[in-house]
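To start, the structure itself, in structure tokens.
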Amino acid sequence: MAKVLQLTLAVIKPDAVAHPLMLEALHQRILDNSFVIVRCKDLVWRRQDSERFYAEHSGRFFYQRLVEFMSSGPMRAYVLAREDAIRHWRDLMGPTKVFRARHTSPASIRAQFGLTDTRNTTHGSDSVESAEREIRFFFPEFYVEDWMKKEEPLFR
Ligand code: RTP
Ligand code: MG
């Protein structure tokens, strides 16, 4: 089957950025897994950015602590490219819940570095549609279509 180049949005959350060794280890994990770093930036969210990004979870019991945490300090966002990028990054992260991650995927990022189900070190887009939305959210100046037109033929 032909390879399909895909982009995903990956975020190193405030708990992991706060720990310099963890940040370095996660950055290295990205490089070790054949991702190309297309864009990367450090940023801090206002509370309303956090609320907007996680609007789909408003009403869930963990919403308040999630938006609070995600606007509590610096994070690092990446646009990552590789074949099947969305699935590969989510596989590397492991399950959302740290306890389950430790149980079922002990080598995953969340199993190794996650503290709680909220402070779980990383985020990754879960579909092509959410990757598009989330890349636009974090990198409004980045034009996916232009980038694909230029880079995709080199990848084949
Ligand atoms: P993400 O969107 O961050 O990649 O994580 P996910 O798809 O694996 O999980 P999702 O269900 O979309 O939840 C989004 C984020 O909400 C926080 N969360 N906290 N029980 C809890 O305290 C709880 N459950 C979910 C996590 O930070 C999760 O990443
Ligand atoms: Mg999600």
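End of the sequence shown sits at 158 in our numbering; the numbers just go up one at a time, nothing left out.
Each residue gets a CB set at the ideal place from its N, CA and C atoms; glycine is no exception.
Since this is a predicted model, take the numbers as computed values, not measurements.
Quick check on the DSSP output: the alpha helix (DSSP H) that includes V46 runs from which residue to which?
Along the sequence shown, one-based indexing puts residue 46 at 44. Per DSSP, V46 lies in no alpha helix (DSSP H) and is assigned neither H nor E.
Where do the ends of the alpha helix (DSSP H) carrying R158 lie?
Stepping through the sequence shown from its first residue, residue 158 is reached at position 156. Per DSSP, R158 is not a residue of any alpha helix (DSSP H), being assigned neither H nor E.
Option nearest M95 by Cα separation, candidates L7, A133, P155 and T124:
In the sequence shown, residue 95 corresponds to position 93, counting from 1. The alpha carbon of M95 has as its nearest neighbour, out of L7, A133, P155 and T124, the alpha carbon of T124.
Throw me the rounded Cβ distance for the A18 and L7 pair, which I believe falls under 8 angstroms.
The residue given as residue 18 occupies position 16 in the sequence shown. The residue given as residue 7 occupies position 5 in the sequence shown. Between the beta-carbon of A18 and that of L7 there is about 27 angstroms, and that puts the pair past the 8 angstroms contact cut.
Would you be able to state if there are at least three C-beta pairs under 8 angstroms between the stretch 8–16 and the stretch 63–70?
Fewer than three pairs of CB atoms, one per stretch, sit closer than 8 angstroms, so the stretch 63–70 makes no contact with the stretch 8–16.
Say yes only if the C-beta of M77 is nearer than 8 angstroms to one or more non-hydrogen atoms of the ligand RTP, and no if none qualify.
Here the question's residue 77 lines up with position 75 in the sequence shown. Checking the 8 angstroms criterion, the Cβ of M77 is out of range of every heavy atom belonging to the ligand RTP.
Tell me which residues share the same chain as H59 and place their Cβ nearer than 6 angstroms to its Cβ, disregarding the 5 neighbours each side in the sequence.
As a first step, residue 59 must be located in the sequence shown, where it is residue number 57. Here the set comprises Y65.
According to DSSP, residues forming a beta bridge with Y56
As a position in the sequence shown, residue 56 is number 54, starting the count at 1. According to DSSP, Y56 bridges with nothing at all.
Please list the terminal residues of the continuous alpha helix (DSSP H) segment that includes L117.
Within the sequence shown, residue 117 is the residue found at index 115, counting from 1. Neither: L117 is in no alpha helix (DSSP H) and is coded neither H nor E.
Between D128 and the ligand MG, is the CB less than 8 angstroms from at least one heavy atom?
What you label residue 128 is simply residue 126 of the sequence shown in a count that begins at 1. Yes, since a heavy atom of the ligand MG falls inside the 8 angstroms radius drawn around the Cβ of D128.
Validate contact between the stretch 84–94 and the stretch 42–51 using beta carbons, cut 8 angstroms, 3 pairs:
Not touching, per the Cβ criterion.
Classification of E136 by the beta-carbon crowding that lies within 10 angstroms, buried from 16 upward
Here residue 136 refers to the residue found at position 134 when the sequence shown is read from its first residue. E136 should be labelled buried.
Heavy atom of the ligand MG within 8 angstroms of H29 beta-carbon
Taking the first residue of the sequence shown as 1, we reach residue 29 at position 27. In this structure, the ligand MG has no non-hydrogen atom nearer than 8 angstroms to the beta-carbon of H29.
Beta-carbon proximity list for K15, same chain, < 8 angstroms, skipping 5 on both sides
Stepping through the sequence shown from its first residue, residue 15 is reached at position 13. Excluding positions up to five away in sequence, the list reads F71, M72, M77, R121, N122, T123, T124 and H125.
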